[in-house]
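Asks: Below are the structure tokens for one structure; questions will follow.
There are 2 protein chains.
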Amino acid sequence: MNILDGKATSKAIQQEIAAEVAERTSKGLKTPHLAAVLIGADGASQTYVNSKVKACERCGFKSTLVQRPADISEEELLQIVDDLNNNDDIDGFIVQLPLPKHINEQSVVNAIRQSKDVDGFHPASVGKMVLNLPTFLPATPYGIMQLLERYDVPTQGKHAVVIGRSHIVGSPMSILLSKNGAPGNCTVTLTHSRTKNLEEITKTADIIVVALGVPEFLKADMVKDGAVVIDVGITRVEDASTPKGYAIKGDVAYDEVAPKCSFITPVPGGVGPMTIASLLKNTLLAAADKPA
Amino acid sequence: MNILDGKATSKAIQQEIAAEVAERTSKGLKTPHLAAVLIGADGASQTYVNSKVKACERCGFKSTLVQRPADISEEELLQIVDDLNNNDDIDGFIVQLPLPKHINEQSVVNAIRQSKDVDGFHPASVGKMVLNLPTFLPATPYGIMQLLERYDVPTQGKHAVVIGRSHIVGSPMSILLSKNGAPGNCTVTLTHSRTKNLEEITKTADIIVVALGVPEFLKADMVKDGAVVIDVGITRVEDASTPKGYAIKGDVAYDEVAPKCSFITPVPGGVGPMTIASLLKNTLLAAADKPA
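Residue numbers (my numbering), protein chains in the order written: chain A, 6 to 297; chain B, 6 to 297.
Quick look at the structure:
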């Protein structure tokens with residue numbers, strides 16, 4: 006059993022990116038510049054955005070944080086997006102989701118210029134992914150693809166079962182695994198809440214990606230020997246025995262599933278840390294070969 | 006065994022559209038107007054475009070055919086696309102593919118304004134489909150969804166196996182069948198040239214969509230009793246016994262497969278005629294409630 010160590014892999018990728026930024030600078034190319042828009046004071050969102058900004062600094066990127074109160078109007082937010090679209094120094098930017106309920110998230114995402122859409126959530130980015138055109142891939146599925154690549158996990162001709170069809174993980178994951186590429190070329194089954202006999206399907210899988218948000222959903226008897234298991238779940242579960250009063254649980258019953266696996270991601274330290282590496286790679290791509 | 010009669014269904018849809026056009030006119034709304042761009046003199050392309058133009062006329066649409074020789078430059082073609090984008094009377098338009106080799110097809114498709122992309126091939130259209138946002142669906146998969154809907158073929162929770170991952174059929178078909186909707190909510194397995202043990206997979210399928218272009222590929226022993234079989238193949242096979250010297254063959258060995266099926270599409274007369282109905286529905290959607 007091999008652990009797909011997302012923490013170490015993400016760190017390695019960030020070091021490579023830092024080296025690339027240094028090389029860019031020496032060649033007279035532009036320092037990549039990521040902007041993040043944070044609306045309101047949600048604790049989790051603030052934590053995510055802060056860690057993105059810190060990662061930018063570690064890699065030698067410029068970063069800009071645009072923070073506004075939760076009562077901002079949709080029009081004002083769209084104006085911020087427009088300004089970032091037209092600011093030539095900003096290579097890519099993200100609008101941290103979720104947004105306050107009075108704002109239409111899709112309208113905001115659609116307003117982001119596709120060439121700066123480093124979250125990969127814009128319809129044109131999603132479409133390019135499906136059509137196998139160069140684009141920004143959404144962070145979590147892209148992070149998983151990088152893990153599979155760096156650990157040389159065999160994918161061609163393998164049966165991959167994706168559990169969950171969300172727009173940000175399950176659905177793009179199924180698309181990326183089935184595309185003609187390496188990693189890729191899997192036979193992919195996309196399963197979801199309406200799927201019958203899920204256990205029968207997962208038992209035939211060479212690769213299982215679970216993205217449900219249901220702690221310890223995937224049990225040992227749903228997994229065949231030698232399977233690759235990718236756990237996207239991150240749920241806080243009350244646990245009085247820990248200093249914080251909660252533990253982070255994945256969608257996989259790790260202790261019983263791991264011994265059967267050829268490869269498995271732990272939680273925490275598996276898929277989670279890879280998302281930041283993806284965002285940084287997308288921002289580097291957005292900066293392309295622009296001069297300083 | 007029930008035949009999914011695409012010819013009759015397409016005709017019925019076209020009659021409904023004609024009635025809707027008449028109603029639009031009586032309400033002072035605009036007559037839908039489809040333009041088709043045909044480059045070169047390829048026989049098959051000419052036939053397709055002509056049948057699209059004729060269908061427009063049958064439904065009371067306006068149609069415009071823009072025809073240019075095969076030696077047109079990419080720049081000139083992009084200018085035509087730009088003119089159509091900016092022509093307010095044209096609600097939607099298509100550029101018939103394939104294009105001559107010196108022209109980058111993707112550049113031309115990308116230049117079409119998404120709000121007029123009635124073929125549904127633009128990356129933003131594809132992305133909206135994945136994100137389940139209102140958009141123009143690609144003709145063949147949309148036609149199949151309409152057939153399933155009109156014949157009340159049960160799809161929810163069914164296992165659908167799609168054979169072939171092309172951008173215009175297999176890949177969007179897998180996306181539409183798995184989305185949360187009716188028809189939809191299938192557990193979908195997307196298979197392709199790298200898939201191992203295809204036969205084992207198809208034997209578990211409640212619904213099979215074959216889009217390979219290999220005549221009579223799907224045999225009876227690959228299909229379970231009661232399956233729904235959708236045949237997207239249209240291949241000309243030499244046949245001296247026919248007046249034209251060829252026969253049209255689907256991807257399904259129809260004579261042996263049909264008796265096992267709950268529903269099956271014939272070839273010809275199944276999926277093929279539905280594509281035009283899809284194009285007309287998209288054009289009607291593009292015209293929306295624009296005044297005359």
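Glycine included, C-beta positions come from ideal geometry on N, C-alpha and C.
Here the structure is a predicted model, which is why all the values come from computation and not from measurement.
(1) Taking 8 Å as the cut-off, decide whether the C-beta atoms of residue 276(A) and residue 236(A) are in contact.
(2) For residue 134(A) and residue 181(A), what's the separation of their Cα atoms in angstroms?
(3) Does the beta-carbon of residue 107(B) have 16 or more other beta-carbons within 10 angstroms, so that it is buried, or is it exposed?
(4) Quick check: the segment 164–182 of chain B against the segment 209–226 of chain B, are at least 3 beta-carbon pairs closer than 8 Å?
(5) Give the residues of chain B in contact with residue 118(A), contact being defined as C-beta atoms less than 9 Å apart.
(6) Any residues in the segment 155–177 of chain B with a beta carbon nearer than 7 Å to a beta carbon of chain A? Which ones, in chain order?
(7) Does any C-beta atom of chain B lie closer than 8 Å to the C-beta of residue 195(A)?
(8) Which two residues bound the contiguous alpha helix (DSSP H) that contains residue 130(B)?
(9) Taking its Cβ as the centre, do 16 or more other Cβ atoms sit within 10 Å of residue 185(A), making it buried, or is it exposed?
(10) Report yes if the C-beta distance between residue 96(A) and residue 38(A) is below 8 Å; otherwise report no.
(11) How close, in whole Å, do the beta carbons of residue 174(B) and residue 220(B) come, if the pair is a contact with beta carbons under 8 Å?
(12) Take residue 2(A) and list the residues in its own chain whose beta-carbon comes closer than 6 Å to its own, dropping the five residues that flank it on each side.
(13) On a Cα-Cα basis, can you pick out the residue from 267(B), 183(B), 71(B), 54(B) that is closest to residue 88(B)?
(14) Report yes or no: do three or more beta-carbon pairs, one from the segment 98–112 of chain A and one from the segment 75–86 of chain A, lie closer than 8 Å?
(15) Give the residues of chain A in contact with residue 131(B), contact being defined as C-beta atoms less than 7 Å apart.
(16) How about residue 90(B): is its C-beta nearer than 8 Å to some C-beta of chain D?
(17) Which chain A residues are close to residue 128(B), counting only those with a beta carbon under 7 Å from its beta carbon?
(18) Note down, in chain order, all residues in the segment 197–224 of chain B with a beta-carbon under 8 Å from any beta-carbon belonging to chain A.
(19) Round the Cβ separation of residue 128(B) and residue 136(A) to the nearest angstrom and send it over; I've been treating them as touching at under 8 Å.
(20) Quick check: residue 33(A) and residue 297(A), are their CB atoms within less than 8 Å of each other?
(21) Tell me which residues share the same chain as residue 15(B) and place their Cβ nearer than 7 Å to its Cβ, disregarding the 5 neighbours each side in the sequence.
(22) The segment 261–290 of chain B: which residues have C-beta closer than 9 Å to a C-beta of chain A, in chain order?
(23) Please report the straight-line C-alpha distance between residue 160(B) and residue 187(B), rounded to a whole angstrom.
(24) Can you list, in chain order, the stretches of the beta strand (DSSP E) that have 3 or more residues and sit fully within the segment 201–267 of chain B?
(25) In terms of DSSP beta bridges, what is residue 97(A) paired with?
(26) So is residue 242(B) buried or exposed if we call it buried at 16+ other beta carbons inside 10 Å?
(27) Strictly below 9 Å CB to CB, what residues from chain B border residue 112(A)?
(28) Closer than 7 Å, Cβ to any Cβ of chain A: which residues of the segment 18–40 of chain B, in chain order?
(29) Closest to residue 272(A) by C-alpha separation, out of 266(A), 253(A), 260(A), 261(A), would be which residue?
(30) Residue 1(B) bridges to which residues according to DSSP?
(31) Check residue 92(A) in the structure and name its three-state DSSP category.
(32) Kindly indicate which residue of 138(A), 90(A), 265(A), 207(A) has the alpha-carbon position closest to the one of residue 116(A).
(33) Name the DSSP beta bridge partners of residue 8(B), please?
(34) Can residue 183(A) and residue 284(B) be called in contact, C-beta distance under 8 Å?
(35) May I have the straight-line CA-CA distance separating residue 224(B) from residue 209(B), to the nearest angstrom?
(36) Kindly indicate which residue of 73(A), 190(A), 64(A) has the alpha-carbon position closest to the one of residue 50(A).
Replies: Once the coordinates are examined:
(1) Numbered from 1 along the first sequence, position 271 holds the residue referred to as residue 276(A). Numbered from 1 along the first sequence, position 231 holds the residue referred to as residue 236(A). Result yes, Cβ atoms of residue 276(A) and residue 236(A) sit closer than 8 Å.
(2) What you label residue 134(A) is simply residue 129 of the first sequence in a count that begins at 1. What you label residue 181(A) is simply residue 176 of the first sequence in a count that begins at 1. Taking the straight line from one Cα to the other gives about 8 Å.
(3) On the second sequence, position 102 is the one that residue 107(B) refers to. Exposed, since its Cβ has fewer than 16 Cβ neighbours within 10 Å.
(4) yes
(5) For the purposes of this step, residue 118(A) is taken as the residue at position 113 of the first sequence. Neighbours of residue 118(A) on chain B: none; closest Cβ ~12 Å, over 9 Å.
(6) 161, 162, 170, 172, 176
(7) Counting from one through the first sequence, the residue named residue 195(A) turns up at place 190. Answer yes: the Cβ-Cβ gap between residue 195(A) and chain B drops below 8 Å somewhere.
(8) Indexing the second sequence from 1 puts residue 130(B) at position 125. It spans 128–135 - the alpha helix (DSSP H) in which residue 130(B) sits, taken as one unbroken run.
(9) Your numbering for residue 185(A) matches position 180 in the first sequence. Per the 10 Å Cβ criterion, exposed.
(10) In the first sequence, residue 96(A) corresponds to position 91, counting from 1. In the first sequence, residue 38(A) corresponds to position 33, counting from 1. Yes. Within cutoff.
(11) Indexing the second sequence from 1 puts residue 174(B) at position 169. Indexing the second sequence from 1 puts residue 220(B) at position 215. About 16 Å separates the two Cβ atoms, so there is no contact after all.
(12) Since the first residue of chain A shown is 6 and the last is 297, residue 2(A) is not available in this structure.
(13) Stepping through the second sequence from its first residue, residue 88(B) is reached at position 83. Ranking 267(B), 183(B), 71(B), 54(B) by Cα distance to residue 88(B) puts 71(B) first.
(14) yes
(15) Indexing the second sequence from 1 puts residue 131(B) at position 126. Going along chain A in sequence order, the residues near residue 131(B) (Cβ under 7 Å) are 132, 135, 136.
(16) Protein chains in the displayed structure are A and B, and chain D is not among them.
(17) Residue numbering aside, residue 128(B) sits at position 123 when the second sequence is read from its first letter. Within chain A, the residues near residue 128(B) are 129, 132, 133, 136, 138.
(18) 197, 199, 200, 201, 206
(19) On the second sequence, residue 128(B) is found 123 positions in, with the first residue counted as 1. On the first sequence, residue 136(A) is found 131 positions in, with the first residue counted as 1. With 8 Å as the limit, residue 128(B) and residue 136(A) qualify as a contact, their Cβ atoms being about 6 Å apart.
(20) By one-based count along the first sequence, residue 33(A) stands at place 28. By one-based count along the first sequence, residue 297(A) stands at place 292. Yes; because the gap between Cβ atoms is below 8 Å, this pair is in contact.
(21) As a working note, residue 15(B) is residue 10 in the second sequence. The answer, listed in chain order, is 278, 279, 281, 282.
(22) none
(23) For the purposes of this step, residue 160(B) is taken as the residue at position 155 of the second sequence. For the purposes of this step, residue 187(B) is taken as the residue at position 182 of the second sequence. Cα to Cα, the separation comes out at about 8 Å.
(24) 212–215, 233–236, 240–243, 251–254
(25) Stepping through the first sequence from its first residue, residue 97(A) is reached at position 92. Partner(s): 39(A).
(26) Position 237 of the second sequence, counted from the first residue, corresponds to residue 242(B). The residue is exposed, with fewer than 16 neighbouring Cβ atoms inside 10 Å.
(27) In the first sequence, the residue the question calls residue 112(A) occupies position 107. Chain B residues near residue 112(A): none, gap ~11 Å exceeds 9 Å.
(28) none
(29) As a working mapping, residue 272(A) is identified with position 267 in the first sequence. The option with the nearest alpha carbon to residue 272(A) is 253(A).
(30) Missing from the structure shown is residue 1(B); chain B here goes from 6 to 297 and no further.
(31) For the purposes of this step, residue 92(A) is identified with residue 87 of the first sequence, where counting begins at 1. Correct three-state label for residue 92(A): coil.
(32) As a first step, residue 116(A) must be located in the first sequence, where it is residue number 111. Looking at the Cα atoms, 90(A) is the closest of the given residues.
(33) Here residue 8(B) refers to the residue found at position 3 of the second sequence. According to DSSP, residue 8(B) bridges with 269(B).
(34) The residue you call residue 183(A) lines up with position 178 of the first sequence. The residue you call residue 284(B) lines up with position 279 of the second sequence. Their beta carbons are not under 8 Å apart, which means residue 183(A) does not touch residue 284(B) by this criterion.
(35) Taking the first residue of the second sequence as position 1, residue 224(B) is located at position 219. Taking the first residue of the second sequence as position 1, residue 209(B) is located at position 204. The alpha-carbon atoms of residue 224(B) and residue 209(B) are separated by roughly 14 Å.
(36) Working through the first sequence from its first residue, we reach residue 50(A) at position 45. It is 73(A).
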